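Participant: Quick one: this structure, given as structure tokens, is what I'll be asking you about.
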Amino acid sequence: MPSNSAPPRISNTRPEATQPTLVLHTAVDYTEAQGVGIGIIQRAQRAQCATTSTPKPSLLRPSEHKYSIKAEDFAAQNVETRDRALMLALLHALGLAHSTLKQRASLPKTVQLHRVSVLCTSLTIVQLVQHHITHAPESLEDVACAKDCVVIQRVVEKVRKLSRRGIEVSIGVSSSEDGIGEMARPLTWRTTRRLPWQRVRILARQKGRQACRSRCRQLKSERLMEREQCTLGDEVAIQRRMESLSLRELPSESVSMPTLSAVVE
């Protein structure tokens, strides 16, 4: 008996594959009045095949970048606070993404990257930046600190510059804020290879400690110079004191002046 059900339709359109995304993990090691370390890991999140849902080979080799800022450069880099240091890390990541996409512009469109995701460890900074990306420049008038406003404006300009190139940019929170069990695992070589957010923190810590050691060496040399100057000053003072005492202890030669009577005689 023939069935009344309609035959299934065959679609000629292929299901869309997951597009690859350029992911940049950022981390900051901040020590007040000592130094700042910034770590960035750039990698391309592998796309999935449309039919088998298996990950395709990565289009970009992962790269690690780290920066250090000494205490004497805090004012020039505008990182007197930890929040500004976190936003500076976002700036470095966005600039790195721009240069990477510019280098890959000559490649075929099938292997180009059209999405950028920058991950930060601070939820507060992520919400702040997302708010100003949506509402700037009007929202910048509500920022109380002028130095904070400058950094936020630079981040917004970087994001919009990438957007004008047809790149979809997103600012998100690193997975370290969610995986408490993962955070409790020891930072070994194997785990850092699998978890980029752990590796990027190690990079930031390395440069942060390097900046702090440089600051400690500078302070140590300054204290040594001050101590030497004090010692030299004490020696000069002691020498002058000894000279004054020696002059006082010298016997005064009694010189007999000729009298008038002696002259007359």
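Following our numbering from start to finish, the sequence shown increments by one per residue and tops out at 301. We put the CB at the ideal spot given by N, CA and C, even for glycine. Every value quoted in this text rests on a predicted model; they were computed, and no experiment measured them.
1) Let me make sure I understand the geometry here. Which of Lys-145, Val-179, Val-162 has the alpha-carbon closest to that of Gly-153?
2) Leu-302: buried (16+ other C-beta within 10 angstroms of its C-beta) or exposed?
3) So what's Ile-207 in DSSP terms, helix, strand or just coil?
4) Alpha carbon to alpha carbon, what distance is there between Glu-100 and Val-147?
5) In chain order, which beta strand (DSSP E) runs of at least 3 residues are fully inside the segment 100-176?
6) Would Leu-231 and Leu-149 qualify as a contact pair, given that the criterion is a beta-carbon distance under 8 Å?
7) Alpha carbon to alpha carbon, what distance is there between His-134 and Pro-56?
8) Measure the Cβ-Cβ separation of Val-3 and Leu-198 and say whether it is below 8 Å.
9) So, helix, strand or coil for Ala-182, using DSSP?
10) Using only CA atoms, which one of Ile-274, Cys-181, Leu-96, Ser-158 lies nearest to Gln-81?
11) Tell me which residues share the same chain as Val-165 and place their Cβ nearer than 6 Å to its Cβ, disregarding the 5 neighbours each side in the sequence.
12) Which of helix, strand or coil does DSSP assign to Ala-69?
13) What separation, rounded to the nearest whole angstrom, lies between the Cα atoms of Lys-106 and Met-278?
14) Is the distance from the Cβ of Val-236 to the Cβ of His-128 below 8 Å?
15) When the Cα atoms are used, what is the spatial distance from Ala-69 to Thr-136?
16) Less than 6 Å between C-beta atoms, sequence neighbours within five positions excluded: which residues of the same chain meet that for Phe-110?
17) Can you name, in chain order, every residue of its own chain whose Cβ lies under 6 Å from the Cβ of Ala-172, other than the five neighbours on each side?
18) Per DSSP, which residues does Leu-60 bridge with? Please list them.
19) What do you reckon, are the CB atoms on Gln-234 and Gly-73 nearer than 8 Å?
20) Taking C-beta to C-beta, are Ser-104 and Lys-243 nearer than 8 Å?
21) Can you give the Cα-Cα distance for Ile-238 and Leu-122, rounded to whole angstroms?
22) Out of Ile-76, Ile-77, Gly-202, state which residue places its alpha-carbon closest to the alpha-carbon of Lys-138.
Facilitator: By the coordinates alone:
1) A small correction: the amino acid at residue 153 is Ser; Gly does not occupy that position in the sequence shown. That would be Val-162, whose Cα lies nearest to the Cα of Ser-153.
2) With the chain covering only 37 through 301, there is no way to say anything about residue 302.
3) strand
4) 22 Å
5) 151-156
6) no
7) 16 Å
8) This structure does not reach residue 3, given that the chain is present from 37 up to 301, and the question cannot be answered.
9) helix
10) Ranking the options by Cα distance to Gln-81, first place goes to Leu-96.
11) Val-191, Ile-207
12) coil
13) Going from the Cα of Lys-106 to the Cα of Met-278 covers about 45 Å.
14) no
15) 33 Å
16) Sequence-distant partners of Phe-110 (beyond 5 residues in either direction) whose C-beta falls short of 6 Å from its own C-beta, in its chain, are Glu-116.
17) Val-192
18) Bridge partners of Leu-60 according to DSSP: Gln-78, Val-154.
19) At a Cβ-Cβ threshold of 8 Å, Gln-234 and Gly-73 do not count as neighbours.
20) yes
21) 16 Å
22) Gly-202
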